[in-house]
Amino acid sequence: MNILLLMIWTPIIFLTHQISCSTESATNVNICSCIVNAVNETYARKIIIKLDALLFSIISCELKNSQIFRSKVLSNFYAFSKKRFVGQRTICPLCQRLLFLQYVKVYLHLPTRNIIDYKWYDRIKILVHERCELENAMAWLSTLGGAFAALGDYFTDYAEKAGLISMQQFSLALRLGDPLTICRCKIYLAMSLLQRGYHRKAKKMIRELYKFSIGSEGSKDFRLKNMCLAVWNRLKYEKSKKAITSGSHKANFTSE
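Heads up: the sequence shown runs through residues -21 to -1, 1 to 235, numbered per mature numbering (1 follows the signal peptide of the UniProt record, and there is no 0).
This is the structure:
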């Protein structure tokens, strides 16, 4: 069985110093301030603890993060040593002042095998598989939607199918919880609306999406802004083409 020897330093010594200071004020005893330098291997007031390595990792984490837990642990150390070392007075070899310090040694029992949390693994495995399937479906729908969107410039039916695919992508993006992917799906839907002649709806959507794309969250993907500008330019082109067509019809009607 492997045993690892180490000492608890920072949290223990820091709070032991705090306990010592409170004891000093109560008993009017002159206590050493150079606690860390006074500790050595021959220090008499030793406390030896044997712990499992996993348990010690949890305890050390709590000692680091929780001041209340540190205070409780050190109070117990102090109470235990007060009973064990009755009448023992230790003098600091550096400044010859009285010490109230606990010297703690921890022997860690290392496990023979790595400890695996199988229950947590089962939960994470389901989420990972679901994420992979969603991203795979999103990739297929993106390829299929791009093909229908390209044909949507010439056939209205394909533009409608591209819009349906965009809605399916949007539902998947909501499950993924990625705001950038959600924005991209909305841009695809706006393009489908534009191809089908719903210019006002497309214009409103693109304005909202452009504001998001230049914000703190949307600016993480520079392509969103370029996609919004591309759809906006396409919208201006369609409007100008419509204006030219309507103007030519008026000219023909006047000439007749």
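Note that beta-carbon positions come from the ideal geometry of N, C-alpha and C, so glycine has one too.
The model shown is predicted, which means the values in this text are computed figures rather than measured ones.
The closest CA to that of S36, considering only L130, P90, Y57, is found on P90. Rounded to the nearest whole angstrom, the C-alpha separation of N44 and I38 is 10 Å. Here F48 has E41, L42 as same chain residues with Cβ atoms under 8 Å from its own Cβ, once five neighbours each way along the sequence are excluded.
The region 135 to 143 makes no contact with the region 156 to 164, as fewer than three CB pairs between them are under 8 Å. In this structure L173 is buried. Its beta-carbon is surrounded by 16 or more other beta-carbon atoms within 10 angstroms. Comparing C-alpha distances from E217 to each of N205, H178, S195 shows the shortest one belongs to H178.
For S195 and I161, the gap between their C-alpha atoms comes out near 15 Å. Shown here for S171: same chain residues with a beta carbon closer than 8 Å to its own, the five before and five after excluded, namely A128, G131, A138, E139, A141, G142, S145 in chain order.
For S192 against L203, the beta-carbon gap comes to about 4 Å, under 8 Å, which counts as contact. K199 and S60 have their C-alpha atoms roughly 57 Å apart.
Judged by DSSP in its simplified three-state form, Y167 adopts helix. Note on geometry: alpha-carbon atoms of R163 and M117 lie some 12 Å from one another. Inter-residue distance for Y97 and K104 is about 10 Å (C-alpha atoms, whole angstroms). The C-beta separation of F56 from I26 comes to about 6 Å, placing the pair in contact by the 8 Å criterion. It is roughly 12 Å from the alpha-carbon of W211 to the alpha-carbon of K180. Separation of K29 and Q147 (C-alpha to C-alpha, rounded to the nearest whole angstrom) is 58 Å. The C-beta of L151 has 16 or more other C-beta atoms within 10 Å across all chains shown, which makes the residue buried. Taking every protein chain shown into account, the CB of C111 has fewer than 16 other CB atoms within 10 angstroms, so this residue is exposed. Y82 carries a strand assignment under DSSP once its states are collapsed to helix, strand and coil. Where L153 is concerned, the enclosing alpha helix (DSSP H) starts and stops at 135 to 155. Classified as exposed, G125 has fewer than 16 neighbouring CB atoms from the shown chains inside 10 Å of its CB. In the DSSP assignment, I26 falls within the unbroken beta strand (DSSP E) covering 25 to 31.
Selection L123, K84, L33 evaluated against I95 yields L33 as nearest (Cα-Cα). With contacts defined as CB atoms closer than 8 Å, T135 and R186 fail to qualify as a contacting pair.
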